[in-house]
Amino acid sequence: MTALPAQWLEKDRRTLRVDEAAIGDRIYEIITALCALIVPALVVAIAVAIFAAAWPAFAKLGLSIVTSSDWDVAGGHFGAAPALFGTLVSAAVALVIATPLAIGVAIFLSEFSPAWLRQPVGFLVDLLAAIPSVVYGLWGIFVLIPLLRENVMPFLRDTLHLGSTPFFTGPAYGPSMLAAGLILAIMALPYISAVSREVLLAVPRSQREAALALGATRWEMIRDAVVPYARSGIIGGIMLGLGRALGETMAVTMVIGNRPEISASLFAPGYTMASLIANEFSEATNDLHLSALMAVGATLFVITLIVNAIARWLVWSVSRGRAK
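In terms of the numbering used here, the sequence shown opens at residue 303 and continues consecutively.
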């Protein structure tokens with residue numbers, strides 16, 4: 303038998319290597335696609351499980367789950383309006399406190415901080431997100447609540463005479479909506495600060511140089527050129543912090559007081575949807591009770607999903623604007 307020419311054998315080997323590489327690329331593409339699809343599949347699976355478990359309560363009670371204040375397990379009444387109110391108010395208080403601090407930190411790190419200080423300070427701020435929520439709760443019980451009860455609440459109510467307003471009336475219990483808001487502010491701060499810092503650092507240098515060339519001071523440059531350019535991204539970071547505050551459970555449960563009442567005063571104890579589920583889930587005595595708790599969870603799931611979707615859209619919009 304006549305041997306094949308050497309160039310033919312080499313060509314066959316190169317063809318084989320190309321085919322093997324193509325197969326490897328295809329396998330890699332399939333694996334990465336499956337990994338990418340797992341995350342939305344998990345979200346859908348969680349949503350299906352929660353809403354399936356919550357459907358009996360929604361079918362029997364309707365919207366009274368989120369509009370009624372009567373939570374009576376024995377009587378079969380499950381109104382989570384105080385928990386919904388407490389969730390929204392505590393998250394709003396957290397944003398009012400955390401947003402100025404977080405944006406101030408972001409501006410300092412992006413505009414004023416020396417290079418050697420930027421990384422350590424940024425790391426310490428981001429480290430707040432790594433502390434377990436139960437540790438925040440313990441700190442709140444042993445440090446924050448006594449401080450609020452003995453110093454901060456009397457100062458706000460009596461010294462600043464804010465007790466004449468409906469928001470700072472009543473006795474200084476300690477466990478309160480204010481305590482929950484402060485804990486949530488600390489927990490949401492690193493999320494807002496991290497996103498704000500990144501979008502501020504991504505502002506083109508030409509924006510700063512143009513403002514300075516027109517005679518603006520450094521502060522005017524930041525206020526009129528840098529922050530407006532990054533506004534959508536900063537709002538996105540705030541919305542991400544809001545999503546974090548809405549879903550927090552253990553730390554809030556330990557400091558909010560867990561009283562299912564609606565009160566305008568931040569000194570009064572309150573309830574949140576997450577703390578309601580955490581306190582009663584293990585003690586659910588019947589199917590309707592369990593389904594009502596799942597309905598509360600489904601409502602919280604929808605609220606958090608909407609907030610995070612808006613935040614992602616805002617961050618994406620500012621990123622797209624920078625790319626143009």
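Where a beta carbon is used, it is the ideal one built from N, C-alpha and C, also for glycine.
Under 8 Å, do I409 and L502 count as touching if we go by C-beta distance? Locating residue 409 in the sequence shown gives position 107, counting from the first residue. Locating residue 502 in the sequence shown gives position 200, counting from the first residue. Yes, the Cβ-Cβ distance between I409 and L502 is below 8 Å.
- Message: Quick check on the burial criterion: 16 or more other C-beta atoms within 10 angstroms. Buried or exposed for V627?
- Response: An answer regarding residue 627 cannot be provided, because it is not within the stretch 303 to 626 covered by the chain.
Query raised in the report: What's the gap between the Cα of T606 and the Cα of A356?
Result: Reading the sequence shown from its first residue, position 304 is the one you call residue 606. Reading the sequence shown from its first residue, position 54 is the one you call residue 356. Those two C-alpha atoms are separated by around 17 Å.
Need the endpoints of the alpha helix (DSSP H) that Y654 sits in, please. Residue 654 lies beyond the range of the chain shown here (303 to 626); nothing can be said about it.
| field | Cβ distance (whole Å) where G483 is taken to contact S392 below 8 Å | value | For the purposes of this step, residue 483 is taken as the residue at position 181 of the sequence shown. For the purposes of this step, residue 392 is taken as the residue at position 90 of the sequence shown. That pair is a contact at about 5 Å.
**Asked** Are the beta-carbon atoms of S577 and T601 separated by less than 8 Å?
**Response** Walking along the sequence shown from the start, residue 577 turns up at place 275. Walking along the sequence shown from the start, residue 601 turns up at place 299. Against a cut-off of 8 Å, the Cβ pair of T601 and S577 comes out as no contact.
Through-space distance from A343 to T304, alpha-carbon basis
Position 2 of the sequence shown, counted from the first residue, corresponds to residue 304. Position 41 of the sequence shown, counted from the first residue, corresponds to residue 343. Reliability of the predicted coordinates at T304 is poor, the pLDDT of 49 falling under 50, and the value obtained from them is presented with this limitation in mind. So the alpha carbons of these two residues sit roughly 59 Å apart.
Notebook entry, point to check: Between P456 and P473, what straight-line distance do the alpha-carbon atoms span, to the nearest angstrom?
Noted result: The sequence position of residue 456 within the sequence shown is 154, counting from 1. The sequence position of residue 473 within the sequence shown is 171, counting from 1. Roughly 9 Å between the two C-alpha positions.
Quiz item: What's the call for L306, buried or exposed, on a 16-neighbour Cβ count within 10 Å?
Solution: The residue given as residue 306 occupies position 4 in the sequence shown. With a pLDDT of 46 at L306, under the threshold of 50, the modelled position of that residue is not reliable, and the figure given next carries that caveat. When all chains shown are included, L306 counts as exposed.
* Asked: Starting from R420 and walking both ways along the alpha helix (DSSP H), at which residues does that stretch end?
  -> Mapped onto the sequence shown, residue 420 falls at position 118. Unbroken alpha helix (DSSP H) run through R420: 417-429.
task: Kindly indicate which residue of A417, S584, L480 has the alpha-carbon position closest to the one of I399.
output: Against the sequence shown, residue 399 aligns to sequence position 97. With distances taken between Cα atoms, I399 lies closest to L480.
* Asked: Would DSSP call G472 helix, strand or coil?
  -> Counting from one through the sequence shown, the residue named residue 472 turns up at place 170. Three-state DSSP puts G472 in coil, outside helix and strand.
Would you kindly check if the distance between the Cβ of M556 and the Cβ of G442 is under 8 Å?
For the purposes of this step, residue 442 is taken as residue 140 along the sequence shown, with counting starting at 1. For the purposes of this step, residue 556 is taken as residue 254 along the sequence shown, with counting starting at 1. For G442 and M556, yes; Cβs fall inside 8 Å.
**Report entry** Helix, strand or coil at V604 [DSSP, three-state]
**Finding:** Working through the sequence shown from its first residue, we reach residue 604 at position 302. If DSSP states are grouped into helix, strand and coil, V604 belongs with the helices.
Exercise for the section: Take I540 and list the residues in its own chain whose beta-carbon comes closer than 7 Å to its own, dropping the five residues that flank it on each side. Expected result: Your numbering for residue 540 matches position 238 in the sequence shown. Here the set comprises L397, T401, I494.
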